[in-house]
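Here's the structure we're looking at; comments come further down.
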């Protein structure tokens with residue numbers, strides 16, 4: 001390990017890549033959604049909402065476990081915990097290939113979620129520990145770009161393997177083992193700074209809670225694309241699960257590009273990237289509600305793809321600038337609790353919003369979410385303008 005530490009340089013491009021590579025797999029839970037329509041046909045005797053949980057249930061154990069991930073990293077080492085998390089994700093991810101029982105599949109997805117929880121916040125903490133200033137802001141933007149790249153790869157693999165069977169589509173998660181091997185071989189263990197004898201109290205403050213709620217709200221929109229696009233495609237006779245995977249790929253490419261452009265965008269418009277992100281989410285989800293063909297739906301999800309790399313990355317960067325380095329793990333965990341809750345309950349929230357919707361479309365709750373986001377966009381803009389004047 002000492003030899004590896006001597007050759008380790010976080011500024012080196014290849015070493016930056018393997019720090020960022022962890023983010024390729026931490027949001028891959030919903031990437032299996034192209035298989036959902038086929039699973040609905042396989043498990044006709046079970047409620048549709050139960051089958052849809054295959055793509056979201058992993059977020060529930062994820063947001064519980066990630067609350068403890070920073071403590072585990074402090075005690076056992078950040079690299080060890082990240083590696084264990086990826087092992088759980090890889091094994092549990094491909095396990096449904098050999099299963100035809102929905103309850104066993106859901107159990108595997110829960111174990112998958114435990115792996116996400118162990119890895120999720122630490123992927124961000126690694127960036128915050130190794131980088132500072134503008135370099136850190138750009139790395140956080142690059143990290144947010146890597147998330148959709150990973151989703152894109154696994155999503156395309158799942159869509160291709162779906163031509164064999166819905167079970168075979170879970171083999172797409174074997175991609176996680178490639179990331180695991182590269183991270184293990186290249187990145188050394190980070191020596192976490194000691195807090196000293198005086199223990200700072202880690203109290204939940206509004207400065208961390210409201211960003212967590214914000215992130216949760218944003219990830220509802222992300223989950224709308226990843227989980228509900230297959231249903232919109234099938235219900236509107238646009239195509240099948242493979243078609244949905246290609247449309248979702250457009251969303252991930254848009255997210256990837258905006259992630260890489262975050263640093264330049266932030267320099268140009270500063271804190272207003274938050275407003276820009278919310279505006280993209282609002283416009284995209286309203287368009288998605290009325291999409292009736294592959295082109296309009298692709299445009300809608302592409303616009304939604306711009307939202308989180310703008311608003312979400314800004315929130316993480318803002319919170320990091322207000323907390324001490326030793327508290328990065330805790331702060332990120334709280335933010336990611338919001339993210340995971342948003343993803344986990346997105347289908348239920350959209351279903352609930354349908355009861356208040358006067359929109360048409362196959363998923364009218366999406367339109368209501370878009371309108372709520374539009375109101376939030378205007379409110380956020382007014383708050384930022386007021387703060388600037390005061």
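Residue numbers (UniProt numbering): 1 to 390.
Quick reminder that beta carbons are idealized off the backbone N, C-alpha and C, glycines included.
Pair within 9 Å by beta-carbon distance, residue i and residue j
{"i": "residue 82", "j": "residue 140", "result": "no"}
{"i": "residue 245", "j": "residue 156", "result": "yes"}
{"i": "residue 228", "j": "residue 347", "result": "yes"}
{"i": "residue 463", "j": "residue 221", "result": "The question about residue 463 has no answer here: the residues shown for the chain are numbered 1 through 390."}
{"i": "residue 242", "j": "residue 160", "result": "yes"}
{"i": "residue 225", "j": "residue 251", "result": "yes"}
{"i": "residue 130", "j": "residue 219", "result": "no"}
{"i": "residue 214", "j": "residue 315", "result": "yes"}
{"i": "residue 37", "j": "residue 236", "result": "no"}
{"i": "residue 333", "j": "residue 144", "result": "no"}
{"i": "residue 232", "j": "residue 297", "result": "yes"}
{"i": "residue 364", "j": "residue 353", "result": "yes"}
{"i": "residue 380", "j": "residue 278", "result": "yes"}
{"i": "residue 19", "j": "residue 162", "result": "no"}
{"i": "residue 39", "j": "residue 210", "result": "no"}
{"i": "residue 17", "j": "residue 138", "result": "no"}
{"i": "residue 247", "j": "residue 292", "result": "no"}
{"i": "residue 313", "j": "residue 217", "result": "no"}
Cβ neighbour criterion (16 or more within 10 Å) applied to residue i
{"i": "residue 189", "result": "exposed"}
{"i": "residue 269", "result": "exposed"}
{"i": "residue 32", "result": "buried"}
{"i": "residue 383", "result": "exposed"}
{"i": "residue 318", "result": "exposed"}
{"i": "residue 30", "result": "buried"}
{"i": "residue 150", "result": "buried"}
{"i": "residue 142", "result": "buried"}
{"i": "residue 49", "result": "exposed"}
{"i": "residue 7", "result": "exposed"}
{"i": "residue 147", "result": "buried"}
{"i": "residue 198", "result": "Residue placement at residue 198 is flagged as unreliable, the pLDDT there being 47, under the threshold of 50; a coordinate-derived value is accordingly withheld."}
{"i": "residue 378", "result": "exposed"}
{"i": "residue 196", "result": "Because the pLDDT at residue 196 is just 49, under 50, the model does not fix this residue reliably, and the value given afterwards should be weighed accordingly. By the 10 Å Cβ count, residue 196 comes out exposed."}
{"i": "residue 164", "result": "exposed"}
{"i": "residue 52", "result": "buried"}
Residue i versus the options, residue with shortest Cα-Cα distance
{"i": "residue 14", "options": "187, 42 and 131", "result": "187"}
{"i": "residue 67", "options": "338, 368 and 379", "result": "338"}
{"i": "residue 158", "options": "96, 120 and 137", "result": "96"}
{"i": "residue 27", "options": "113, 41, 292 and 320", "result": "113"}
{"i": "residue 185", "options": "47, 358 and 79", "result": "79"}
{"i": "residue 72", "options": "117, 293, 8 and 107", "result": "117"}
{"i": "residue 285", "options": "103, 370, 322 and 164", "result": "370"}
{"i": "residue 386", "options": "272, 8 and 267", "result": "272"}
{"i": "residue 34", "options": "303, 321, 267 and 249", "result": "249"}
{"i": "residue 256", "options": "48, 10 and 153", "result": "153"}
{"i": "residue 180", "options": "368, 91 and 42", "result": "91"}
{"i": "residue 290", "options": "313, 360 and 146", "result": "360"}
{"i": "residue 322", "options": "164, 128, 351 and 267", "result": "128"}
Reduced DSSP category for residue i - H, G, I as helix; E, B as strand; rest coil
{"i": "residue 197", "result": "Low per-residue confidence applies at residue 197: pLDDT is 44, beneath 50, and the placement is therefore not dependable enough to give any value."}
{"i": "residue 42", "result": "helix"}
{"i": "residue 291", "result": "coil"}
{"i": "residue 236", "result": "coil"}
{"i": "residue 138", "result": "helix"}
{"i": "residue 34", "result": "helix"}
{"i": "residue 190", "result": "coil"}
{"i": "residue 185", "result": "helix"}
{"i": "residue 2", "result": "Here residue 2 scores only 46 on pLDDT, less than 50, and its place in the model should not be relied on; the value that follows carries that caveat. Helix, per DSSP."}
{"i": "residue 252", "result": "helix"}
{"i": "residue 392", "result": "Given that the chain is displayed from residue 1 to residue 390, the structure contains no residue 392 and the question cannot be resolved."}
{"i": "residue 210", "result": "helix"}
{"i": "residue 355", "result": "coil"}
{"i": "residue 367", "result": "helix"}
{"i": "residue 25", "result": "coil"}
{"i": "residue 226", "result": "helix"}
{"i": "residue 372", "result": "helix"}
{"i": "residue 9", "result": "coil"}
{"i": "residue 165", "result": "coil"}
{"i": "residue 101", "result": "coil"}
{"i": "residue 309", "result": "helix"}
Residue i CB to nearest heavy atom of the ligand ATP below 8 Å
{"i": "residue 88", "result": "For the structure depicted, the ligand ATP is absent and the ligand set is empty, with no information on it obtainable."}
Cβ separation of residue i and residue j, assumed to be a contact under 8 Å, to the nearest whole Å
{"i": "residue 60", "j": "residue 344", "result": "5 Å"}
{"i": "residue 335", "j": "residue 212", "result": "5 Å"}
{"i": "residue 183", "j": "residue 62", "result": "Going by Cβ atoms, the distance from residue 183 to residue 62 rounds to 19 Å, so no, they are not a contact pair."}
{"i": "residue 276", "j": "residue 288", "result": "About 18 Å separates the two Cβ atoms, so there is no contact after all."}
{"i": "residue 115", "j": "residue 89", "result": "4 Å"}
{"i": "residue 102", "j": "residue 46", "result": "6 Å"}
{"i": "residue 174", "j": "residue 94", "result": "6 Å"}
{"i": "residue 56", "j": "residue 86", "result": "That belief does not hold up - the Cβ atoms of residue 56 and residue 86 are roughly 20 Å apart, past 8 Å."}
{"i": "residue 302", "j": "residue 254", "result": "4 Å"}
{"i": "residue 367", "j": "residue 357", "result": "6 Å"}
{"i": "residue 391", "j": "residue 105", "result": "Since the displayed the chain opens at 1 and closes at 390, residue 391 lies outside it and no answer follows."}
Test: residue i CB closer than 9 Å to a CB of chain B
{"i": "residue 249", "result": "Judged by its chain identifiers, the structure shown contains no chain B, having just a single protein chain."}
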